[in-house]
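Heads up: the sequence shown at position 129 corresponds to 131 in this note's numbering, and the numbers run straight through without jumps.
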Amino acid sequence: MTQVVLVTHGEFGDALLRSAEMIIGPQDGVHSVSLLAGESPEGFGAKLDAALQDVGREDTLILIDLFGGTPYNVAARRVREPHIECVTGLNLPMLIETLMSRDGATAADLAEVATQAGKESVRNLGPLLNK
């Protein structure tokens, strides 16, 4: 099963994972790596490397909260591995859809699922409610 690594500012990834598990049940093979206040990029990189070592050579999808931030910059250096894919813009619908689609899916497959779910989950309710 493809491993999923949540890479976020603060404990956002931990909270998203708890919320997803509240909805779809406990999940194996999901790791959260948090950039904490005052932590150096090097220290954060060491934590990410440790998480990636835990998953080994298995297909791995890294989901990142914010394009261009420190978690993104640190993770982007690790995407050169052929078994690792990376998607930014992490949100709860993206995470749930990705986790529910893992059986038999590659990291590349899940990157597409995550990207599509992220796009489809953003809605402006005004026009929907005012019909």
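Don't be surprised by glycine CBs; every beta carbon is placed ideally from N, CA and C.
- In the three-state scheme derived from DSSP, where H, G and I count as helix and E and B as strand, residue 55 is classed as helix.
- DSSP, reduced to helix, strand and coil, places residue 115 within a helical segment of the structure shown.
- Contact between the region 63-74 and the region 8-27 is present, with at least three C-beta pairs closer than 8 Å.
- For residue 90, the secondary structure class from DSSP, reduced to helix, strand or coil, is strand.
- Taking residue 78 as the centre and dropping the five residues before and after it, the same chain places no C-beta closer than 6 Å to its C-beta.
- The residue from 91, 60, 84, 83 with its alpha-carbon nearest to that of residue 74 is 91.
- Using a Cβ distance threshold of 8 Å, residue 12 and residue 42 do not count as a contacting pair.
- Residue 34 sits in a strand when the DSSP states are folded into three classes.
- DSSP places residue 65 within a strand segment (E or B) once states are collapsed to three.
- Ranked by Cα distance from residue 114, the first of 32, 63, 31, 40 is 63.
- With a cutoff of 8 Å on beta-carbon distance, residue 104 and residue 4 are scored as near each other.
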